[in-house]
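**Q** Residue numbers (the numbering used here): 818 to 888.
Before I ask anything, let me first share the structure, which is written out below as structure tokens.
Here it is, written out as structure tokens:
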């Protein structure tokens, strides 16, 4: 399995916490996740450029690792 890395090149694992480095609009919702939002307990996917997670207001979210840094 390929290593999943954040924007700084740190390796991410299941259960890690990450922080957003950019405001992200959530498709299909009026919610915007703000820069600096901490997301806990991530899950890795088969695609090394994406992770699954649950944010405060949105469940079942898939985020690109280029917008995340390890917390």
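Quick reminder that beta carbons are idealized off the backbone N, C-alpha and C, glycines included.
A quick note: this is a predicted structure, and the numbers were derived from the prediction, not measured.
1. Using DSSP's beta-bridge definition, name the partner residues of residue 822.
2. Go through its chain and collect everything with a Cβ distance to residue 831's Cβ below 8 angstroms, but skip five positions before and after it.
3. Over the uninterrupted beta strand (DSSP E) stretch that includes residue 859, give me the two end residues.
4. Report the rounded CA-to-CA distance for residue 854 versus residue 821, giving the unit in angstroms.
5. Verify whether the separation of the beta carbon atoms of residue 885 and residue 849 is less than 8 angstroms.
**A** In brief:
1. 828
2. 859, 860 and 861
3. That residue, residue 859, is in no beta strand (DSSP E); it is neither H nor E in DSSP.
4. 20 angstroms
5. no
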